[in-house]
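Protein chains in written order, with our numbering: chain A, 1 to 551; chain B, 552 to 1102.
Cβ coordinates follow ideal geometry from the N, Cα and C atoms, glycine included.
Being a predicted model, the structure only gives us computed values, none of them experimental.
Number of protein chains: 2
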Amino acid sequence: MSLFEKHNKTLKRALEEISNRGFWSPYFEMPSSKVYGEGAKEKATESFQSQCGKHFEIDGLKSNTYLGSEVSPYGFDLNIKYPAIDADTLIKDALCAMQEWKKIPLDTRAGICLEILDRLNQHSFEMANAVMHTTGQPYVMSFQAGGPHAQDRGLEALAYTYRQLKNIPTTSRFEKPMGKNPPIVTNRKFVVVPKGISVIITCSTFPTWNSYSALFSSLLACNSVIYKPHSNVILPIALSVKIARDVLAENGINPNVISMIISEDRAETQKLVKDEHVKLIDFTGSTGFGDWLEKNAPQANVYTEKAGVNCVIVDHFNDLKAMGRNLSLALSLYSSQMCTAPQNIFIPKDGIISNGEKISFDDVAAIITGSIEKLLSVDERAVEILGAIQNDGICQRVKEADTLGTMLLPSRDIKHPLFDNATIKTPAVVKVSAKDKERYQSEHFGPVILLIETDSREDSLNVWQDTIKHHGAITAGVYSSDEDFIEKVEAIAIDEKVNLSVNLIGGVIINHSMAFTDFHATGDNKAANCALTNENFVSGRYSVVTIKRDA
Amino acid sequence: MSLFEKHNKTLKRALEEISNRGFWSPYFEMPSSKVYGEGAKEKATESFQSQCGKHFEIDGLKSNTYLGSEVSPYGFDLNIKYPAIDADTLIKDALCAMQEWKKIPLDTRAGICLEILDRLNQHSFEMANAVMHTTGQPYVMSFQAGGPHAQDRGLEALAYTYRQLKNIPTTSRFEKPMGKNPPIVTNRKFVVVPKGISVIITCSTFPTWNSYSALFSSLLACNSVIYKPHSNVILPIALSVKIARDVLAENGINPNVISMIISEDRAETQKLVKDEHVKLIDFTGSTGFGDWLEKNAPQANVYTEKAGVNCVIVDHFNDLKAMGRNLSLALSLYSSQMCTAPQNIFIPKDGIISNGEKISFDDVAAIITGSIEKLLSVDERAVEILGAIQNDGICQRVKEADTLGTMLLPSRDIKHPLFDNATIKTPAVVKVSAKDKERYQSEHFGPVILLIETDSREDSLNVWQDTIKHHGAITAGVYSSDEDFIEKVEAIAIDEKVNLSVNLIGGVIINHSMAFTDFHATGDNKAANCALTNENFVSGRYSVVTIKRDA
């Protein structure tokens, strides 16, 4: 049985689901020994521990230089060293591999990509450790977002790409009737060709979840991929690259279709992304470097997800308690180090009405801060929600949060029961005036939450729209029991092109972005120029060459 | 019956044909009175004549300033003046219209677009006159390329856009099973939103054929369109805009969904394309302005078709007579003023082998020049192939052709039997050495054909590849009876991403690019950054905003 046949059922279902966009998650999200194998979790933890302090070897990626200085946000050095190969060699090898890869038929390529996804899924527990101890995510999130949910996103992008490519006939017969004369007949071959080398630059928080869409779309469209992982979050990418190369090699394909560059030299990265053979660049990270890439790599199609300012509007709303519960999780999960986490909460300074009763700004604020305190009241439980702080810059930001306004809930350090040196902080909640634009109209990445006093309900709409227009957003939320108000919010979301969550009080929070259901970002405001995954995310990753001939 | 129902059969067939890419042309290509109505041709010619010397009025496009100084390449001033409205007013009106247009359901928008195409089709004879007396195309070509073939391209793009938009569900229900607990349920709305204003900058040779793909894709994706026609080729666009606005108004829609800017001020065009509300720019024309647009309108997605250098390789080939016949038409049609026309013909200096016999370079050249002479030997017939020369720059280029190398066939002026002052010239054919790169590695737009002496068959491949790599090409051709050689040519076409015609000797010439069959350009070499029409041409013209809510 070919790999395509082996995985065809999954692909078929994926092709249905991208047109439904209801719920579907093919890779099981719970770290269950029933699904992933008895002892798989323990074995993966041992394997991670034994990996620390060693060279991470990948067949075929050899170098005299090994680099790496990852530090776990849970408080220890990983001491793992990775083979550092120079950009020129990687490019040469990637081009050579691409010449073979592009000749492999679509269904065969799809089968191999699906097998890579399946293999990644089998290694989800290993990925959990790798993600946890580089990004600082709590364990279950590391498993889910690093493993099955990232694989879902990869499969989703694979399905979009497959559908587009399958819609291009490989041959056609042109037969033009010419009345009484014989028809004019020509035959055509349509050859799908790669754009070139696809460079994927990954971030320090969701290295796999934010990159598998690009990986599997680029691969299926015949391109070779070179990963450039964030210098403190290499292991999840190294693991992905190793697994993918193993599958390629097992199937007799030059594994240099996928590789990675490890470099401590910023100039080398800049050289790589400007190389004439690099035609696709996917980037998740800071606005600064994202903007730089958009301007400085004109030879490539550049897909960026950068910083945004996610906001929630609190309007007249009847179920404030449920709102507080839902928001507290949205604000606390992984210490607000998610690009989907809300940062700014707009509340009218004169308060709102709930069930006919006036609730002051301070009372609404107290519901939110109280819910956060309650959610994080037990340290053992709190650490499984908060995870650890990814880097010192975020600690600094938390420390300086009180300079932004009136501190409503100070951040608190928590001791992790298992990791003594882990950096764990509860969110700081600060009250800010809507007049102080410069304080809230920028991203304060990490656990710094701003409750913003607006002049009125209408003013909330204005400052929100102004914020998205100038700074972009990945998500937005509103709580309102007034359908007319919601309609206005929806109209602004549509005008400013931001995805909107309305009145979430149940098991789904604003941060939630799930493959096959949620388009991650709209790709049409300043926070991101692409969406995961839509037609535009995949259509620039290949071209079609036509060869025609008289029949 | 709604317009969607009225045209649904056409749309359905179009959706099938974009996946087949065999022969299909829904709009009848012959200027036939049986199809287009008895007397339609004569009436259209009268209408054109009575239009000359007058103001061209378009309902709702009023101005105090009327501009226009078109000159027919057939030797007379059109003296038609068009309403010139400033960019700011057009943008304001287009934005206002877009706010309504985007709320109209997809199928209704599709029905209106299909009605516009149908109405354009009914006016094909009027378009023929407009195109002929601005571009200089011969009459039948003006009818076909200006009318039905342009409409085909519009419908093709409409079908690609419709398919993408139809694949996005308008709503979905997310229902995640939670074991023994109740499932998590959320509802989603997916709203397709326009990118913004779509500016279409048209060229002086194929104003409608090269722009209807953009027009109908942009319109169906909810955008407003502002046309910026070439200053000497306004009438075909004014006619298109008028017809489209009529259909919109008849259906109660603000006609400012489509308008045009007439300006003699280069600065005003530059201001328009840099406006923050302009999010899509389609351009056909010079490399200089195309490159400028790609760099200077970062707020927009820019789709360009610029200059390329189209080449033909002549290798060992048995049917040289048929080759000569086919090539002579390719080189003569509309005086090589087609972006698909070949310019450079590479022939080994030691000649080739045909049916086992050695044929010298000069003999191959003689077959080509002889075929051209024969094709154009009768003036009355020649003018219907050559059309007229579009502008003085081209005349100058023909005049200086002998400075490029040895003149093999000088250009000859022809007198048009109907238009005394028409500028009509047969192609100049010049022999150039492959060493003189600077002479043949640039576009000599118009009837200047270069026969290039290469060192060998292999050298032909090298110089051809080098030419495409550095200057791009819309088309390429090869004549070879050696399948191994053809394989090498195909491999280069695939590497350099150029569409290739092999051994065309019948009723199809290299220049031929037909909707529903040929992708016009690959969009992946220096001649053009987009193809007509593929998924990538349409996927950047809209975004999707998701609004989600607990169920």
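Given residue i, which residues of its chain have a CB within under 6 Å of its CB, disregarding the five upstream and five downstream residues?
i                       : result
residue 524 of chain A  : 497
residue 159 of chain A  : 14, 15, 18
residue 726 of chain B  : 734, 736
residue 307 of chain A  : 287, 443
residue 1007 of chain B : 899
Throw me the rounded Cβ distance for the residue i and residue j pair, which I believe falls under 8 Å.
i                       : j                       : result
residue 58 of chain A   : residue 245 of chain A  : 6 Å
residue 430 of chain A  : residue 401 of chain A  : 5 Å
residue 75 of chain A   : residue 422 of chain A  : 5 Å
residue 577 of chain A  : residue 262 of chain A  : Outside the displayed range of chain A (1 to 551) lies residue 577 of chain A, so it cannot be described from this structure.
residue 148 of chain A  : residue 334 of chain A  : Not confirmed; about 17 Å, so no contact.
residue 595 of chain B  : residue 661 of chain B  : About 28 Å; that fails the 8 Å criterion.
residue 530 of chain A  : residue 303 of chain A  : 4 Å
residue 112 of chain A  : residue 248 of chain A  : 7 Å
residue 1083 of chain B : residue 1070 of chain B : 7 Å
residue 922 of chain B  : residue 887 of chain B  : Actually they do not touch by this definition, with Cβ atoms about 15 Å apart.
Name the DSSP bridge partner or partners of residue i?
i                      : result
residue 866 of chain B : Paired residues: none, contrary to the question.
residue 705 of chain B : Answer is none; residue 705 of chain B lacks a bridge partner.
residue 579 of chain B : The partner list for residue 579 of chain B (beta bridge, DSSP) is empty, contrary to what the question assumes.
residue 854 of chain B : B/833
residue 633 of chain B : B/618
residue 345 of chain A : A/312, A/451
residue 76 of chain A  : A/72
residue 976 of chain B : B/964
residue 475 of chain A : A/499
residue 905 of chain B : B/908
Keeping to the same chain, check which residues put their C-beta closer than 7 Å to that of residue i; ignore five residues upstream and five downstream.
i                      : result
residue 101 of chain A : 222, 224, 253, 257
residue 701 of chain B : 759, 760, 763
residue 514 of chain B : Past the edges of chain B, shown from 552 to 1102, lies residue 514 of chain B, and the structure says nothing about it.
residue 194 of chain A : 98, 102, 221, 222, 223, 542
residue 787 of chain B : 678, 681, 682, 685, 697, 758, 759
residue 766 of chain B : 705, 751, 776
Residue i lies in the beta strand (DSSP E); which residues open and close that run?
i                       : result
residue 188 of chain A  : 181-194
residue 1101 of chain B : 1093-1101
residue 1050 of chain B : 1050-1053
residue 431 of chain A  : 428-433
residue 407 of chain A  : 406-409
residue 908 of chain B  : 908-910
residue 228 of chain A  : 224-228
residue 929 of chain B  : That residue, residue 929 of chain B, is in no beta strand (DSSP E); it is neither H nor E in DSSP.
residue 197 of chain A  : 197-201
Assuming residue i is part of the alpha helix (DSSP H), what are its boundary residues?
i                      : result
residue 560 of chain B : 554-571
residue 874 of chain B : 871-883
residue 725 of chain B : Unbroken run through residue 725 of chain B is the beta strand (DSSP E), 722-729; no alpha helix (DSSP H).
residue 949 of chain B : 943-950
residue 247 of chain A : 235-250
residue 538 of chain A : 535-539
Among residues of its own chain, excluding the 5 on either side of residue i, which ones have a beta-carbon nearer than 8 Å to its beta-carbon?
i                      : result
residue 428 of chain A : 398, 401, 402, 407, 409, 410, 411, 447, 448, 449
residue 535 of chain A : 160, 164
residue 441 of chain A : 309, 466, 467, 470, 471
Taking 8 Å as the cut-off, does the stretch 45-53 of chain A touch the stretch 75-88 of chain A (at least 3 CB pairs, one atom from each stretch)? The stretch 75-88 of chain A makes contact with the stretch 45-53 of chain A: 3 or more CB pairs, one atom from each, lie closer than 8 Å.
Is there contact between the stretch 384-401 of chain A and the stretch 130-147 of chain A, where contact requires at least three CB pairs shorter than 8 Å? The stretch 384-401 of chain A vs the stretch 130-147 of chain A: in contact.
With three or more beta-carbon pairs closer than 8 Å as the criterion, would you say the stretch 661-671 of chain B touches the stretch 557-575 of chain B? With the cut-off at 8 Å, the stretch 661-671 of chain B and the stretch 557-575 of chain B touch.
When you compare the stretch 840-851 of chain B with the stretch 758-773 of chain B, are there three or more beta-carbon pairs, one atom per stretch, that lie closer than 8 Å? The stretch 758-773 of chain B and the stretch 840-851 of chain B do not touch, with fewer than three beta-carbon pairs separated by less than 8 Å.
Okay, do the stretch 890-905 of chain B and the stretch 992-1012 of chain B touch, 3+ Cβ pairs below 8 Å being the bar? Between the stretch 890-905 of chain B and the stretch 992-1012 of chain B, the count of Cβ pairs shorter than 8 Å is three or higher; the stretches touch.
Three-pair Cβ contact test at 8 Å for the stretch 1044-1058 of chain B versus the stretch 544-551 of chain A: As far as the Cβ criterion goes, the stretch 1044-1058 of chain B touches the stretch 544-551 of chain A, which means the pair count is three or higher.
Tell me, please, whether the stretch 513-521 of chain A touches the stretch 483-493 of chain A by the rule of three or more beta-carbon pairs shorter than 8 Å. Using a C-beta cut-off of 8 Å, the stretch 513-521 of chain A makes no contact with the stretch 483-493 of chain A, since fewer than three inter-stretch Cβ pairs fall below that distance.
Quick check: the stretch 268-280 of chain A against the stretch 229-241 of chain A, are at least 3 beta-carbon pairs closer than 8 Å? Three or more beta-carbon pairs separated by less than 8 Å are not found between the stretch 229-241 of chain A and the stretch 268-280 of chain A, which leaves the two stretches without contact.
Evaluate the contact criterion for the stretch 179-195 of chain A versus the stretch 502-509 of chain A: three or more CB pairs, one atom per stretch, below 8 Å. When Cβ pairs closer than 8 Å are counted between the two stretches, the stretch 179-195 of chain A is seen not to touch the stretch 502-509 of chain A, the count staying below three.
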